[in-house]
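Visitor:
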Amino acid sequence: MEHHPLQSLINLIEFDRELIKIERVLDETQKRITQLQKEEAKIKVDHETAIQHVRDAKKIVHEHEVTMKDLDLREQAKKKLLEETDSQKVYETLKKEINFLKKSQYDHEKKLVQCWKELEAAQKTFDEQESKFKEKQESLQKKYAEEDATVQKLTADLNDLYKERVKKEKLVPQEWIQKYNMMRKQTDNPIVRVEYDSCSGCFAQLPPQSILDLKQKKLLQCNSCYRFIYLPEELEEEPITQKNE
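Counting in the working numbering, the sequence shown runs from -7 upward without gaps.
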């Protein structure tokens, strides 16, 4: 069924309003996906940090254990030399070295005990975070899958609607389309009714000549807000024409 050109313009504008709503939903969904990705990236960093703390703690413990083993071997070697020497001077020197090694062992043992405590604390923190990390990651991935499915559906719907819009646009005079494209950037409501001889968009009173032009099926723009204006009762009449400037 052929529509009055003005009705076709109104239909296009209403269609675009619904289109914009879907585009906004798509945009909001994509923003949520971006936020989910940021959240997952953050918990992964936190998880890797916890893993690294355990690795670092293990490395420090290992280094102290190696040092302790080296000190013990050096002490045993000095003791063996001590047993074999006949020189009092060498004996005294070896005794000092052995005492120094024992002191070093004692100091490193205290450090090793502290390092083991730090390793146990790091491991405990990691174990506690591990289960929470897996739960959080699964939750985020589930939400991501749901949001991504929404994006796929909305994108497919929009592609169909864009094709339908092309058909609707062809029913509207090109000059109207050009003006409409300019107006839609400025307002969400580019076409309004004339009520009580006034623009219902900005309530500006229309001059008598404009009312006459509208009754003669001419498309006008409000001189105040520049919206398209029309008389609802004229939609069922013959097609309107654009007013000559």
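Where a beta carbon is used, it is the ideal one built from N, C-alpha and C, also for glycine.
1. Hey, out of Phe118, Gln178, Lys162, whose CA is closest to Asp48's CA?
2. Secondary structure at Tyr218, three-state DSSP: helix, strand or coil?
3. Does DSSP put Ser131 in a helix, in a strand, or in coil?
4. At what residues does the alpha helix (DSSP H) containing Arg9 begin and finish?
5. By Cβ distance, which residues of its chain are closer than 8 Å to Met60, with the 5 residues on each side in sequence left out?
6. Kindly indicate which residue of Leu146, Pro199, Asn3 has the alpha-carbon position closest to the one of Glu20.
7. Starting from Leu212, trace the beta strand (DSSP E) both ways and give me its first and last residue.
8. Going by beta-carbon coordinates alone, are Arg176 and Gly193 separated by less than 8 Å?
9. Comparing C-alpha positions only, which one of Glu31, Leu65, Lys162 sits nearest to Leu(-2)?
10. Counting Cβ pairs closer than 8 Å, one from the region 0 to 20 and one from the region 151 to 168, do we hit at least three?
11. Given this structure, state the Cα-to-Cα distance separating Ile232 from Lys207, to the nearest angstrom.
12. If I measure Cβ to Cβ from Tyr83 and keep anything under 6 Å in the same chain, skipping five residues before and after, which residues do I get?
13. Counting Cβ pairs, one atom from each stretch, are 3 or more of them under 8 Å apart for the region 29 to 45 and the region 123 to 132?
14. Give me the DSSP bridge partner(s) of Glu187.
Guide: By the coordinates alone:
1. In the sequence shown, counting from the first residue as 1, residue 48 sits at position 56. Among Phe118, Gln178, Lys162, the Cα nearest to that of Asp48 belongs to Phe118.
2. Reading the sequence shown from its first residue, position 226 is the one you call residue 218. Reduced to three states, the DSSP call for Tyr218 is coil.
3. As a working note, residue 131 is residue 139 in the sequence shown. For Ser131, the three-state secondary structure derived from DSSP is helix.
4. Along the sequence shown, one-based indexing puts residue 9 at 17. -3 to 76 is the span of the alpha helix (DSSP H), which, as asked, contains Arg9.
5. Translated into the one-based positions of the sequence shown, residue 60 becomes position 68. The residues are Gln97, His100, Glu101, Leu104.
6. Reading the sequence shown from its first residue, position 28 is the one you call residue 20. Out of Leu146, Pro199, Asn3, Leu146 has the C-alpha closest to the C-alpha of Glu20.
7. Within the sequence shown, numbered from 1, the residue matching residue 212 stands at position 220. Taken as a continuous stretch (DSSP letters only), the beta strand (DSSP E) holding Leu212 covers 210 to 213.
8. Residue numbering aside, residue 176 sits at position 184 when the sequence shown is read from its first letter. Residue numbering aside, residue 193 sits at position 201 when the sequence shown is read from its first letter. For Arg176 and Gly193, no; Cβs fall outside 8 Å.
9. Within the sequence shown, the letter at position 6 stands for residue -2. Proximity to Leu(-2) across Glu31, Leu65, Lys162 peaks at Lys162, based on C-alpha coordinates.
10. yes
11. The residue given as residue 232 occupies position 240 in the sequence shown. The residue given as residue 207 occupies position 215 in the sequence shown. Caution applies to Ile232, whose pLDDT of 42 falls short of 50 and renders its modelled position unreliable; the model cannot decide the point.
12. Position 91 of the sequence shown, counted from the start, is the residue given in the question as residue 83. These residues qualify, in order along the chain: Thr77.
13. yes
14. Translated into the one-based positions of the sequence shown, residue 187 becomes position 195. Ser190.
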